[in-house]
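Residue numbers (our numbering): 1053 to 1493. Quick reminder that beta carbons are idealized off the backbone N, C-alpha and C, glycines included. Model, not experiment: these values are computed from the prediction. Have a look at the structure below before the remarks.
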Amino acid sequence: MTRYFPRKFIGIILGLLLVVLAISPPISDLLLLPQTARLVVGEQMAVKLTWPAMILDKLNFSVGGSFSPSESAIVVDRGEDGYQLRALKPGQADVTVKLLGYIPLKSIQVESLPTHEVMVGGHSIGIMLQSEGIMVVGYAPIKGLMGREVYPARTQGIKTGDLIMKVNDNPVYTETAMAEAIDKCGQSGTQPRLLVKRNGSEENISVSPVYCPETGRFRIGLSVRDGVAGVGTLTCWDPKTHSFAALGHAIVDSDTKKTVSIREGRIVGASIQAIEPGYPGQPGEKIGVFDQSATMKGEIESNTIFGVFGRTEVKCKNVLYPSLIPVGYAHQVKKGPAQIVTVIEGDRLEKFEVVIEKVYSFRQSGKGMVIRVTDPRLLSISGGIVQGMSGSPIIQDNRLVGAVTHVFLNDPQRGYGIIMDNMLEQMNFLTSQGYSRQIAQ
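Printed below as a string of structure tokens:
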């Protein structure tokens, strides 16, 4: 007992000392310094240390990483207000704060990001996708001569969401081609062999077609779709690579809710004919028509959770932003006023006021920020965010920081936006893939 209390007492004293040290300005300053940081080339970040000058004079910053000191992406400047990290060129570096030149106090991993300028979108576009295969979106019963409903494909294990790639080793790209191939097999008394893709795996499934008196042909009892089409909004265009980004979220099948795997796709100009305003519980939408004669045309190359991406040789023009503007990275997005660019009538671009209410910079999805429409005119016309606005650029401090993606069902004045980082990465990926293809040819 005589040794138990002293040890316990010493432990309490040490714990209190740690608490005191943690809340003291020098230690708390160190604890508050980030472990990681992102800067755009030319940008600075203050290293806030409210320490006496005699201690600050004993500090030094070592910059390491994959560069020699003369090629470092980051430099440290000492000014009257303390130390500043400054990004010189794209790259990464480990910045270590040291006391007396050899006692490490804190290490910060700093990423220096390149400036990237794009042309702002906002244009309404028609989006047309041809799926990689024929999408199974449901079952369609076949009524036999006795009135009994049968589902041959379902009986053999074909599921909603499957992709039918081939019939008897022949690729099928349209609903009509698939229906004709199955009917031909039925007339000859053979089973069509379907190559079915499910969750990345493929298997062959044979199905016995049944004659349908209502249609006068042999069927296998499936409801299928060979593509999707709709109206959305162009987010931006890169004149250097001719790549574009749109929507800010994936195009999914309306029945299966699965992302559409595309074989090919394209965008065309669209004209907005009317707006159905949104109300709590009832989302609104843009009513648009495809304008095949419009100059806006492009090829879609990918459909991802971050949006639709592709290339267009047509120069994108924006009367509201006639010059290129920089892309804002996640760390540059902040709560406060912003603007969105979209079309609410014809093909005329307009700018409307919004407020960024929340920022979730860590989210790798189309829900990286919450925005609220504050523009009186847009509220009077649409009630806020409506379907078809997906992809509308969000501008803050003359930077393209994101795009509108979703509307809140019970509050159409508010919705989600994607942070532009995610879309930019996909555009850069397309560019690298394009270069790879050119080299391989």
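Query                                                                                                                                                                        : Result
My output table needs one value for ALA1346: the three-state DSSP class, helix, strand or coil.                                                                              : coil
Go ahead and label ASP1129 buried or exposed: buried means 16 or more other beta carbons lie within 10 angstroms of its beta carbon, across all protein chains shown.        : exposed
Taking the alpha carbon of GLY1467 as the reference point, which residue from LEU1476, GLY1178 and THR1457 has its own alpha carbon closest?                                 : THR1457
Of the choices ILE1194, ALA1346, GLY1238 and ILE1470, whose alpha-carbon is the least far from that of LEU1452?                                                              : ILE1470
What are the complete alpha helix (DSSP H) segments, minimum 4 residues, inside the region 1179-1229?                                                                        : 1204-1207
With a threshold of 16 other CB atoms inside 10 Å of the CB of SER1076, please say whether the residue is buried or exposed.                                                 : For SER1076, the predicted model reports a pLDDT of 46, less than 50, meaning its position is unreliable; a value from the coordinates is still stated below. With fewer than 16 Cβ atoms within 10 Å of its Cβ, SER1076 is classed as exposed.
So, for TYR1373: in the same chain, excluding its five sequence neighbours on each side, which residues have a beta-carbon less than 7 angstroms away from its beta-carbon?  : VAL1172
In or out: PHE1270 buried (at least 16 other Cβ within 10 Å) or exposed?                                                                                                     : buried
For PHE1513 versus GLN1478, is the C-beta distance shorter than 8 angstroms?                                                                                                 : Residue 1513 is absent from the structure shown; the chain starts at 1053 and stops at 1493.
Cutting at 8 angstroms between CB atoms, please list the residues of its own chain near PRO1193, excluding the five before and the five after it.                            : GLU1201, VAL1202, TYR1203 and GLY1273
In three-state terms, what does DSSP make of LYS1249?                                                                                                                        : strand
Helix, strand or coil for ILE1075 per DSSP?                                                                                                                                  : In this predicted model, ILE1075 has a pLDDT of only 44, less than 50, meaning its place in the structure is not dependable enough to derive any value.
Which residue's Cα is closest to the Cα of ILE1216: THR1242, SER1275 and SER1442?                                                                                            : SER1275
Can you give me the Cβ contacts of PHE1342 inside the same chain, cut-off strictly under 6 angstroms, excluding the 5 residues immediately before and after it?              : GLY1178, VAL1320 and ALA1322
In the DSSP output, which residue or residues are listed as bridge partners for ILE1408?                                                                                     : GLY1388 and ILE1423
Starting from SER1159 and walking both ways along the beta strand (DSSP E), at which residues does that stretch end?                                                         : 1155-1165
Three-state secondary structure (DSSP) at ALA1298?                                                                                                                           : strand
Going by DSSP, which residues form a beta bridge with GLY1454?                                                                                                               : ILE1446 and ILE1471
Residues bridged to VAL1147 by DSSP?                                                                                                                                         : VAL1115 and ILE1160
Which one or two residues does DSSP pair with LEU1137 in a beta bridge?                                                                                                      : MET1097 and VAL1128
For the alpha helix (DSSP H) containing ILE1433, list its first residue and its last residue.                                                                                : 1428-1434
For GLU1316, which three-state DSSP category applies?                                                                                                                        : strand
Evaluate contact between the region 1185-1192 and the region 1304-1317, counting only Cβ atoms and requiring at least three cross-stretch pairs below 8 angstroms.           : yes
If we count the other Cβ atoms within 10 Å of its Cβ and call it buried at 16 or more, is GLU1353 buried or exposed?                                                         : buried
Report the three-state DSSP secondary structure of GLN1478 (helix, strand or coil).                                                                                          : helix
State yes or no: is the C-beta of GLU1163 within less than 8 angstroms of the C-beta of ARG1090?                                                                             : yes
In angstroms, rounded to a whole number, what distance separates the CA positions of SER1260 and ALA1233?                                                                    : 13 angstroms
For ALA1346, which residues from the same chain have a beta carbon less than 7 angstroms from its beta carbon, with the 5 sequence-adjacent residues on both sides left out? : VAL1320 and GLY1321
Spell out the partners DSSP gives LEU1091 in its beta bridges.                                                                                                               : SER1164
Please confirm whether TRP1289 and THR1364 have their CB atoms less than 8 angstroms apart.                                                                                  : yes
Compare the C-alpha of TYR1225 against each of LYS1236, GLU1316 and GLY1241 and name the closest.                                                                            : GLU1316
Contact check, LEU1181 vs ASN1355 under 8 angstroms by CB: the rounded distance?                                                                                             : 7 angstroms
What first and last residue would you give for the beta strand (DSSP E) that runs through LEU1286?                                                                           : 1274-1290
Do VAL1422 and GLU1409 have their C-beta atoms within less than 8 angstroms of each other?                                                                                   : yes
Using three-state DSSP, classify ASP1305 as helix, strand or coil.                                                                                                           : coil
One question on the structure: do TYR1412 and GLY1420 come within less than 8 angstroms of each other, judged by their Cβ atoms?                                             : yes
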